[in-house]
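In the numbering used here, the protein residues as written are 18 to 264.
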């Protein structure tokens, strides 16, 4: 019997697909982030940390890194993957706009463009203010940003789990260029011997900003942009990274 799960965000099949596609951050990406941590030693928070793609490699290098994410499925996979590596970071299931954590951080990282899922500007500023409140003076905020490729053509990707099992991921985009928002319908299908066993759908909205808009957004939350790195990891030409500081 085919099981179809209602539209959600970052559910079990999404989390599994995420790990199979992305697994762990590259050495060059980890090197980039830890270069900032080494200049300003202290506790690190990866916000919107997912299943540990970046958190785990940093923890393996001995850095004290906490993670926060609102997806229980992502956090469950992160805990399981950490356990396999004999790691036990502090992980919190919270949304950034309501963030309440017991620690203060020298560095906060938001990787892979995840912050742009905060498509409502009011909530984005509120989330940044919450991060600001959890940071030391002159703490570093590092935000990976991107501008989506504006194509309405659906994409399909097949991912093998084993010789009998596959995941099919499809994405359909709808762009509102005036509001600078992309609506993305993602469908994940778990297939056994080519027959769909389970379907999971999620609807995401992604916002993008100009550099001036980023500067104003961060200023409204008490940060100033120090620099914006183009292609900081030497891999994806679309990847950019904002280094901002708490003021």
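Quick reminder that beta carbons are idealized off the backbone N, C-alpha and C, glycines included.
Range of the contiguous alpha helix (DSSP H) that encloses residue i
| i | result |
| --- | --- |
| residue 46 | 44-56 |
| residue 1 | Outside the shown range of the chain, which is 18 to 264, sits residue 1, and nothing can be said about it. |
| residue 97 | 89-101 |
| residue 75 | 72-77 |
| residue 134 | First-last for residue 134: undefined, no H or E at that position. |
Cβ pair residue i, residue j closer than 7 Å
| i | j | result |
| --- | --- | --- |
| residue 34 | residue 186 | yes |
| residue 215 | residue 209 | no |
| residue 96 | residue 68 | no |
| residue 152 | residue 109 | no |
| residue 107 | residue 86 | no |
| residue 201 | residue 158 | no |
| residue 46 | residue 250 | yes |
With 16 other Cβ atoms within 10 Å as the buried cut-off, status of residue i
| i | result |
| --- | --- |
| residue 265 | Missing from the structure shown is residue 265; the chain here goes from 18 to 264 and no further. |
| residue 44 | exposed |
| residue 24 | Because residue 24 carries a pLDDT of 44, less than 50, the predicted location of this residue cannot be relied on, and the following value inherits that uncertainty. It counts as exposed. |
| residue 211 | exposed |
| residue 76 | buried |
| residue 147 | buried |
| residue 191 | exposed |
| residue 244 | exposed |
| residue 39 | exposed |
| residue 154 | exposed |
| residue 227 | exposed |
| residue 18 | Residue confidence for residue 18 is low, a pLDDT of 45 falling below 50, so the modelled location carries little weight and cannot support an answer. |
| residue 70 | buried |
| residue 32 | buried |
Bridge-paired residues (DSSP) for residue i
| i | result |
| --- | --- |
| residue 176 | 184 |
| residue 261 | 158 and 242 |
| residue 166 | Answer is none; residue 166 lacks a bridge partner. |
| residue 84 | 63 and 108 |
| residue 153 | None; residue 153 has no bridge partner. |
| residue 114 | In DSSP, residue 114 forms no bridge with anything. |
| residue 193 | 198 |
Boundaries (first-last residue) of the beta strand (DSSP E) holding residue i
| i | result |
| --- | --- |
| residue 170 | First-last for residue 170: undefined, no H or E at that position. |
| residue 220 | 212-224 |
| residue 123 | 122-127 |
Cβ separation of residue i and residue j, assumed to be a contact under 8 Å, to the nearest whole Å
| i | j | result |
| --- | --- | --- |
| residue 63 | residue 141 | Not really, about 18 Å apart at Cβ, beyond 8 Å. |
| residue 81 | residue 98 | Going by Cβ atoms, the distance from residue 81 to residue 98 rounds to 18 Å, so no, they are not a contact pair. |
| residue 256 | residue 163 | 6 Å |
| residue 198 | residue 259 | Not a contact, Cβ separation roughly 19 Å. |
| residue 223 | residue 134 | 6 Å |
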